[in-house]
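As structure tokens, the structure follows; a few thoughts come after it.
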Amino acid sequence: SLVVAAAGNDGDRGNALTYPASLPHVLTVGATNKQNAVAGFSSKSRYVDLAAPGAEMTVAWTPGRTWESGEGTSFATPLVSGAAAWVWTLRPDLDTTQLFEVMRRSARDIGPEGRDFDSGFGLLDVRAALAYAAPPRDPLEPNEDIDDVRPGFGLAGLTTTRVPKTLITARVDAWEDPRDVYRVWQPARMSLVLSTGSSQDVDVAAWSQAAFSVQQRPGKERLAVSARPGTGNERARVSAAPRGRWVYVAISRGRSVAEAEYRLAVTPR
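The opening residue of the sequence shown carries number -18 in the numbering used here; numbering runs sequentially from there.
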């Protein structure tokens, strides 16, 4: 599913964060007025992805069975939902992660140049979205932390007893995909080599099954880490164990990196 949510209507009252709009992988929508500028009431935050008309909207007012003028990001949001459904109907080959990126990156830039907290990538542009080139798929999302990928939670392991090694391409960004966590199988009496390749600074770490989060304080639960500043080519080795076990692999951005595409190779040796 593609989850689309209203940013909120506190733009002139402190911009309090709302949920689920401020969660990763939620397409968050602000509101514009008839001048295609962000409406004053539309909440601004780093989580806004794009905007759509939401001011002076003609709506059915049920109590009096009349038509009234309304405003709010709740009116902008269904326009984006409907547009996304339109795009997905005509482009059924897109997966959810690709559709997410197509909808926000095809938006027409308004306000300050580039992405901003008011309108995100800009104003909804259906024509552009229908033709926008799809980025590579971002596998196994959402996978921000260990709880998302534990056995029994629905997501398959990135590697398994039958498929012990892999090479994938994925991406992270500061707003909607802050980190990636994968569950991989380490065969008995074999070490596990984790290698990344990226033009941006990304880091890799491995955690044991005893860890509750990849954001916890490093201790014996962290099995390996490679975090050289300024490079996306990292290599970490998890020492062999007498029995096969699940290991959690975390990919994170360097501090100055807004978004990055990377390759991850998992190889037992």
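Every residue gets a Cβ at the ideal spot worked out from N, C-alpha and C, and that includes glycine.
What you are looking at is a predicted structure, and each value in this text was computed from that prediction instead of being measured.
Exposed or buried, which one is residue i when buried takes at least 16 other CB atoms within 10 Å?
i, result
"T177", "buried"
"V144", "exposed"
"A114", "exposed"
"L139", "buried"
"S23", "buried"
"G233", "Per the sequence presented here, residue 233 reads as Ser, with Gly not at that position. Burial call: buried."
"W42", "exposed"
"S87", "buried"
"W67", "exposed"
"S(-18)", "exposed"
"Q167", "buried"
"Q16", "exposed"
"G(-11)", "buried"
Ordered along the chain, which non-local residues of its own chain (more than five positions away) have a Cβ less than 7 angstroms from that of residue i?
i, result
"S180", "G213"
"P123", "P5, H6, D129"
"F98", "K25, S26, R27, V29"
"D(-9)", "A(-3), S24"
"M171", "A221, P249, R250"
"L80", "L(-17), A65, V68, W69"
"D106", "S87, A88, R89"
"L60", "A33, P34, L105"
"W156", "R27, Y28"
According to DSSP, what are the bridge partners of residue i?
i, result
"E52", "According to DSSP, E52 bridges with nothing at all."
"T13", "V19, P34"
"Q167", "R226"
"V206", "A186"
"D158", "D154"
"A231", "V162, A186"
"L8", "V(-15)"
"D97", "G101"
"R89", "L104"
"T39", "S50"
"T147", "V247"
Grab me the residues of residue i's own chain with a C-beta within less than 8 angstroms of its C-beta, minus the 5 sequence neighbours each way, in chain order.
i, result
"V40", "W48, E49, S50, G51, F56"
"S210", "For clarity, residue 210 is Pro in the given sequence; the question names Ser instead. Cβ within range, chain order: D182, G235."
"R85", "L8, D30, L31, G101, F102"
"Y243", "T150, A151, R152, V153, T177, G178, S179, Q181, V183, G213, I232"
"A187", "L173, L175, R203, L204, A205, V206, A217, V219, V228, Y229, V230, A231"
"D126", "R160, V162, S194, V195, Q196"
"P93", "D99"
Taking residue i as part of the beta strand (DSSP E), name the residues at either end of that continuous run.
i, result
"I127", "Not the beta strand (DSSP E): I127 falls in the alpha helix (DSSP H), residues 127 to 130."
"R216", "216 to 219"
"L175", "173 to 178"
Determine the extent of the alpha helix (DSSP H) in which residue i is found, giving its start and end residues.
i, result
"A110", "107 to 112"
"E240", "First-last for E240: 240 to 249, but that is the beta strand (DSSP E), not the alpha helix (DSSP H)."
With a CB to CB cut of under 6 angstroms and the five nearest residues on each side skipped, what residues in its chain are close to residue i?
i, result
"Y163", "L139, V230"
"R216", "S176, S207"
"Q190", "W227"
"L121", "L136"
"R96", "F102"
"S259", "With the chain covering -18 to 250 only, the question about residue 259 has no answer from this structure."
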